[in-house]
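Protein chains in written order, with numbering that gives the first Met the number 0: chain A, 0 to 316; chain B, 0 to 458. Even for Gly, the Cβ is constructed at its ideal location relative to N, Cα and C.
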Amino acid sequence: MSFFNRFFNKEKKEDLDKGLEKTKSNFFGKLAKAVAGKKTVDISFLDELESVLISSDVGLDTTIKILDRLEEEVNKEGYINTNELNEILRSTIVQLLSENNTVDIEDYTLPSTETPCVILVVGVNGVGKTTTIGKLAWQYKQQGKKVVLGAGDTFRAAAVDQLKIWSERVGCDFYSKGMNTDPAAVAYETVKYAQENKCDVAIIDTAGRLHTKINLMKELSKIKKSISKRMETAPHEVLLVLDATTGQNAIEQARHFTEATDVTALALTKLDGTAKGGVALGISDQFKVPIKYIGVGEKIEQLQVFNKRAFVDSLFQ
Amino acid sequence: MFDNLSDRLEGAFKSLRGENKLTELNIAQSIKEIRRALVAADVNYKIAKEFTDTVKDKALGQENVLSSVKPGQLMVKIVQDELTALMGGEAAEINLKGKPTVILIAGLQGSGKTTFSGKLANFLKKKKKSPLLVACDVYRPAAINQISVLGEQIGVPVYKEEENKDPVEIALKAIGHAKDHNFDVVIVDTAGRLSIDEAMMTEISNIREAIQPEETLFVVDSMTGQDAVNTAKAFNDVINYDGVVLTKLDGDTRGGAALSIKYTVGKPIKFVSSGEKMDTLDVFFPDRMAQRILGMGDITSFVEKAQEQFDEKEAKRLEKKIRKNKFDFNDFHDQINQIRKMGDIKSLLKMIPGMGKLTRNLDIDNNAFKKVEAIIQSMTPQERANPELLNMSRKNRIAGGCGQTINEINMFIKQFDEMRKMMHKMSKSPGFAGGAAGVPGGGAGGGRISRARKKKKRR
């Protein structure tokens, strides 16, 4: 497994395995059982595969796509044994992830070499934006970068305090104008602070908002604009945080947030809890936006870069 | 994906024209459509399958009804009735008999426990109870501050111990505090936890054992996918909760998780919560949820929202004015404001069956009335009260005042005149009642309201 040696150190790998343990036993574990003992792809196998994929939140369209491709492959290849079928299925899914996503990132490289590199974090309520920011800041801090967190969630009760505590845990800078202030102004000022204090990275938090609230989505566009006003090339990354326990609505979220803010990357959280994570397949299938990070636990180091090859491989182990 | 199940079912039955009986063969396609609609709504895959099997049996049992009702409509009705029955059952009130009543709140991270706790406290306070909130999330940064801020907002005291890391002890002391200070409801907010986190699940079990709550509520995000079943079951196994709270229903999720959970654990859904404001807590209506899951709009909620803003006296006054053909720009402006008070216009339109598809690509926002408002506000008080006054020179002045072209002004006045005529005409028809004036601009809105009102009385 030279692959893992390159991208994962041992502990990280264990976290991912632990996080996906449930997924494994439910998803591809079942699949392995479904494959075993079947020598051809018959209808009942496809039915079973369909049920496994759908009950893992993969979504109807993507499931149908995977089934079609699998059938196509099998037709081309002719007779195959169980192992081969398993391999074809695996590569079909990896392929699907590959063609819709940009290249895998290998570590926590900053999205831009410009300083400060500005990252705007968005998402619906309760997906784990602030936690993800804390974990990401910690990673950059480990690389010796100077980081500032901007408290752009000025709406939810105590959101500013929550981010401040994270900045203290990480040991990085923190910029806030307090609660109930204009988030666009906070974003602007955070970039200014980062420039004046020679920070390498500025990560700006925003209030959770449902993607259906037009005015709140407009506010996000405004926040983004005011960042660009201070620094023309910023934000260098707009990170949409998605909760892996979410069902098909995650796809709607990805769509609307992309429309409002040109999302450039996704973070998928709570993968340690849900038995699925199949929503990642559905989203990758429909958006050109890459999944960059996955959250696999509550500890500060439990954020990982998303690697589709490793993700699928790890599921099949 | 499936904007209207009825349309799709009609389609599935089109090829069957001439057949007048539902058979296993000719409903196969529609059963598949139903299953797909349910799955797309995040109803658990297995449950969707079992459910459609039930529907199939029911449908095959129907005798010779197709002469009067279209088969597609019949299927929709069967599905809707079955769904409603499944999610309903006996009315689920919360038990407030304890002295004090203790309510334990539990759920996953980010499901909305703290916001719900605040809303529940607010809800009870309005019912003349004196609630006490208890901050038992000792883990998440600033969780205690969050509930304190909410408590302050709604004027409900919060019991907290910043230094104490033992939620069992905090909860017990809070109950003691409540007894000493005459609080009659204690709402214990806890940390979010994963159902597979054994240590945390033991903790919530210990809290429950220690405080013996009258009511334990499981809070779940309505956007949850297929996993809802596992989580709901795991929590139920450990804390045997009394009811479920569905949150974030103000989004566009179909909310299939509601069905999955009810089906799996059989516990009633006691509240639905939508929005971040403290007064957006509702009791659960299974028929509405059924319509939502099927993507069929939610006309009942629409009507209720309209009624909330509906002022009987005001309507009577308006009715009189319409009868005398005296409806003026001031009244029109009031009406716009009333509609706006009902909330986001796009989400309102979505509640009307069949509108979901129409509004999808339509960018209606809450500023939709801005232009009209600007015109009205550029008029003098005399002009607003007497639409007849508007002549060319006045129109020109108004156009300058609101920054719109004279054409736009003319168009608006023409529409206003037509609307006024129409309303006057309607007012002479025998069915016209005060209620019809709630939403002006067409007979359709008025008609719906009255129809639904009758329906409400029947309940």
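From which residue to which residue does the beta strand (DSSP E) around A:Ala183 run? Locating residue 183 of chain A in the first sequence gives position 184, counting from the first residue. Where A:Ala183 is concerned, there is no enclosing beta strand (DSSP E), although the alpha helix (DSSP H) it sits in stretches over Pro182 to Glu195.
Bounding residues of the alpha helix (DSSP H) (the contiguous stretch that carries B:Gly175): Along the second sequence, read from residue 1 onward, the residue named residue 175 of chain B stands at position 176. For B:Gly175, the enclosing alpha helix (DSSP H) covers residues Pro166 to Asp179.
Under the rule that 16 or more other beta-carbon atoms within 10 Å means buried, what is B:Val282, buried or exposed? Residue mapping note: residue 282 of chain B aligns to position 283 of the second sequence, counting from 1. The Cβ neighbour count for B:Val282, taken over all protein chains shown within 10 Å, is under 16; the residue is labelled exposed.
Name, please, each residue of chain A whose Cβ falls closer than 8 Å to the Cβ of B:Val110. Numbered from its first residue, the second sequence carries residue 110 of chain B at position 111. The sequence shown places Ser at residue 110 of chain B, rather than the Val named in the question. Within 8 Å Cβ-Cβ: Gly125.
Pop quiz: A:Leu119 and A:Thr205 are said to be a contact at Cβ under 8 Å. What is the actual Cβ separation, rounded to whole angstroms? For the purposes of this step, residue 119 of chain A is taken as the residue at position 120 of the first sequence. For the purposes of this step, residue 205 of chain A is taken as the residue at position 206 of the first sequence. So it is a contact: roughly 7 Å between Cβ atoms.
Pairwise C-alpha distance: B:Asn144 and B:Gly117: For the purposes of this step, residue 117 of chain B is taken as residue 118 along the second sequence, with counting starting at 1. For the purposes of this step, residue 144 of chain B is taken as residue 145 along the second sequence, with counting starting at 1. About 13 Å.
Give me the chain A residues within the contact set of B:Gln211, using Cβ-Cβ distance strictly less than 7 Å, ordered along the chain. On the second sequence, residue 211 of chain B is found 212 positions in, with the first residue counted as 1. Neighbours of B:Gln211 in chain A, taken as residues whose beta carbon is under 7 Å from its own, are absent, since the nearest beta carbon is some 28 Å off.
Based on Cα-Cα distance, which residue from A:Ile222, A:Met178, A:Asp160 and A:Lys145 lies nearest to A:Ala193? For the purposes of this step, residue 193 of chain A is identified with residue 194 of the first sequence, where counting begins at 1. Nearest neighbour of A:Ala193 by Cα position, chosen from A:Ile222, A:Met178, A:Asp160 and A:Lys145, turns out to be A:Lys145.
Buried or exposed: which applies to B:Met422, given that a residue is buried once 16 or more other Cβ atoms fall within 10 Å of its Cβ? On the second sequence, residue 422 of chain B is found 423 positions in, with the first residue counted as 1. With a threshold of 16 other beta carbon atoms within 10 Å, B:Met422 meets it and is buried.
At least one CB of chain A closer than 9 Å to the CB of B:Ala105: is that the case? In the second sequence, residue 105 of chain B corresponds to position 106, counting from 1. Not one chain A Cβ lies under 9 Å of B:Ala105.
Going by the beta-carbon positions, is the gap between A:Leu88 and A:Ile53 smaller than 9 Å? For this step, residue 88 of chain A is matched to residue 89 along the first sequence. For this step, residue 53 of chain A is matched to residue 54 along the first sequence. Taking the C-beta atoms as reference points, A:Ile53 is found no nearer than 9 Å to A:Leu88.
Sub-9 Å separation of A:Ile282 and A:Ala259 beta-carbons: Residue mapping note: residue 282 of chain A aligns to position 283 of the first sequence, counting from 1. Residue mapping note: residue 259 of chain A aligns to position 260 of the first sequence, counting from 1. Between A:Ile282 and A:Ala259, the C-beta spacing is not below 9 Å.
When B:Leu95, B:Gly109, B:Gly150 and B:Arg139 are compared against B:Lys126, the one with the closest alpha-carbon: Numbered from 1 along the second sequence, position 127 holds the residue referred to as residue 126 of chain B. When only C-alpha atoms are compared, the closest one is B:Leu95.
By the DSSP assignment, the beta strand (DSSP E) with B:Gln102 in it spans what residues? The sequence position of residue 102 of chain B within the second sequence is 103, counting from 1. What sits at residue 102 of chain B in the sequence shown is Ile, not Gln. Where B:Ile102 is concerned, the enclosing beta strand (DSSP E) starts and stops at Thr100 to Gly106.
Closest to A:Leu364 by C-alpha separation, out of A:Thr232, A:Ala253 and A:Gly143, would be which residue? An answer regarding residue 364 of chain A cannot be provided, because it is not within the stretch 0 to 316 covered by chain A.
Around the C-beta of B:Pro380, are 16 or more other C-beta atoms found within 10 angstroms, so that it is buried, or is it exposed? Your numbering for residue 380 of chain B matches position 381 in the second sequence. Under a 10 Å Cβ-count criterion, B:Pro380 is classified as exposed, with fewer than 16 other Cβ atoms of the shown protein chains found around its own Cβ.
Would A:Lys23 pass as an interface residue toward chain B - the criterion being a Cβ-Cβ separation below 9 Å? As a first step, residue 23 of chain A must be located in the first sequence, where it is residue number 24. Model confidence at A:Lys23 stands at a pLDDT of 48, short of 50, so the residue's coordinates are unreliable; what they give is reported in the following sentence. Not a single C-beta of chain B is nearer than 9 Å to the C-beta of A:Lys23.
Taking all protein chains shown into account, decide if A:Thr232 is buried (16 or more other Cβ within 10 angstroms of its Cβ) or exposed. Looking up residue 232 of chain A in the first sequence gives position 233. It counts as exposed.
Can you check which of these residues, A:Val278, A:Met230, A:Leu148 and A:Gly143, is closest to A:Thr131 by C-alpha distance? Sequence index remark: in the first sequence, residue 131 of chain A carries index 132 (1-based). Measuring from the Cα of A:Thr131, the nearest candidate turns out to be A:Leu148.
What number of angstroms, rounded off, separates the C-alpha of B:Lys98 from the C-alpha of B:Val133? Your numbering for residue 98 of chain B matches position 99 in the second sequence. Your numbering for residue 133 of chain B matches position 134 in the second sequence. Rounded to the nearest angstrom, the gap between the Cα atoms of B:Lys98 and B:Val133 is 16 Å.
Output, in chain order, the set of chain A residues within a Cβ distance shorter than 8 Å of B:Met200. Here residue 200 of chain B refers to the residue found at position 201 of the second sequence. Identification of chain A residues near B:Met200 by a Cβ-Cβ cut-off of 8 Å yields none; the smallest Cβ-Cβ distance measures about 12 Å.
Just to confirm before moving on: does the CB-CB distance between B:Val42 and B:Ala289 stay below 9 Å? On the second sequence, position 43 is the one that residue 42 of chain B refers to. On the second sequence, position 290 is the one that residue 289 of chain B refers to. With a cutoff of 9 Å on beta-carbon distance, B:Val42 and B:Ala289 are scored as not near each other.
With DSSP collapsed to three states, give me the class of A:Lys307. As a working mapping, residue 307 of chain A is identified with position 308 in the first sequence. Secondary structure of A:Lys307 (DSSP, three-state): helix.
Within 9 Å of any Cβ in chain B, is that where the Cβ of A:Ile53 sits? As a first step, residue 53 of chain A must be located in the first sequence, where it is residue number 54. Yes, A:Ile53 counts as interfacial toward chain B.
Rounded to whole angstroms, what's the CA-CA distance from B:Met277 to A:Gly125? Just pull it up for me. Along the second sequence, read from residue 1 onward, the residue named residue 277 of chain B stands at position 278. Along the first sequence, read from residue 1 onward, the residue named residue 125 of chain A stands at position 126. Going by the C-alpha atoms only, they are around 17 Å apart.
Would you call the CB atoms of B:Asp188 and B:Cys135 closer than 9 Å? For the purposes of this step, residue 188 of chain B is taken as residue 189 along the second sequence, with counting starting at 1. For the purposes of this step, residue 135 of chain B is taken as residue 136 along the second sequence, with counting starting at 1. Contact: yes.
Is there a Cβ of chain A sitting closer than 9 Å to that of B:Leu389, yes or no? Taking the first residue of the second sequence as 1, we reach residue 389 of chain B at position 390. With its beta carbon at least 9 Å from every one in chain A, B:Leu389 lies outside the interface.
At 9 Å on the CB atoms, spell out the chain B contacts of A:Glu269, in chain order. Locating residue 269 of chain A in the first sequence gives position 270, counting from the first residue. Correcting the residue type first, residue 269 of chain A is Lys in the shown sequence and not Glu. The answer, in chain order, is Leu107, Gln108, Gly109 and Leu193.
DSSP-derived helix/strand/coil call for A:Gln301: Position 302 of the first sequence, counted from the start, is the residue given in the question as residue 301 of chain A. A:Gln301: coil per DSSP, three-state reduction.
Under 9 Å from the C-beta of B:Asn43: neighbouring residues of chain A: Within the second sequence, numbered from 1, the residue matching residue 43 of chain B stands at position 44. Taking a Cβ-Cβ threshold of 9 Å, the residues of chain A close to B:Asn43 are Ser54, in chain order.
Quick one: what does DSSP say B:Gly60 is sitting in, helix, strand or coil? Position 61 of the second sequence, counted from the first residue, corresponds to residue 60 of chain B. Three-state DSSP puts B:Gly60 in a helix.
For B:Asn163, does the count of other Cβ atoms within 10 angstroms reach 16, so buried, or fall short, so exposed? As a first step, residue 163 of chain B must be located in the second sequence, where it is residue number 164. With a threshold of 16 other beta carbon atoms within 10 Å, B:Asn163 falls short and is exposed.
What residues from chain B crowd round A:Leu59, counting only those whose CB sits closer than 9 Å? Against the first sequence, residue 59 of chain A aligns to sequence position 60. Within 9 Å Cβ-Cβ: Met0, Arg35, Val38 and Ala39.
Give the range of the beta strand (DSSP E) segment to which A:Tyr292 is assigned. For this step, residue 292 of chain A is matched to residue 293 along the first sequence. Residues Ile290 to Gly294.
Would you say the beta carbon of B:Lys31 is closer than 8 Å to some non-hydrogen atom of the ligand PLP? With respect to the ligand PLP, the structure offers nothing, as it holds no ligand at all.
Tell me the residue span of the beta strand (DSSP E) that contains A:Cys116. For the purposes of this step, residue 116 of chain A is taken as the residue at position 117 of the first sequence. Note, A:Cys116: beta strand (DSSP E), Cys116 to Val121.
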